[in-house]
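Asks:
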Amino acid sequence: QVKASRFSMPSLEDIVQSGAVWLSVIIVLHLALSMVYINRVPFGQFPDERPHAEYTSALALTGSLPVLSTSSRGNYEYHQPPLYYYLGI
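Here our numbering is used: the first residue of the sequence shown is -7, the next is one more, and so on.
1. Helix, strand or coil: how does DSSP classify residue 11 here?
2. For residue 57 versus residue 74, is the C-beta distance shorter than 7 Å?
3. With 16 as the cutoff for other CB atoms within 10 Å, does residue 54 come out buried or exposed?
4. Is the CB-CB distance between residue 69 and residue 39 below 7 Å?
5. Roughly how many whole angstroms lie between the Cα atoms of residue 49 and residue 72?
6. What separation, rounded to the nearest whole angstrom, lies between the Cα atoms of residue 1 and residue 11?
7. With 16 as the cutoff for other CB atoms within 10 Å, does residue 76 come out buried or exposed?
8. When you compare only the Cα positions, how much space is there between residue 80 and residue 3?
9. In whole angstroms, give me the CA-to-CA distance for residue 52 and residue 9.
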């Protein structure tokens, strides 16, 4: 006679249902934190919005990659790969 164990393996259905619950929790938490961030940070005041806009502007105006120099202190995003910025033009 085999004794039934107190601990049994969860079924595939239990695992899928548990995963769906955790995914829902993560999505709701992400949306809540996003709403807090959107409401707390004024428009146009994001930490690196201006350098990204200047990078895109430099690509659009010159047609070539911008060069990082000591005189371009605020343009610290110039080291980024250009494809994403070219797509924004």
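Glycine included, C-beta positions come from ideal geometry on N, C-alpha and C.
Replies: Inspection of the coordinates gives the following:
1. helix
2. yes
3. exposed
4. no
5. 14 Å
6. 16 Å
7. exposed
8. 48 Å
9. 49 Å
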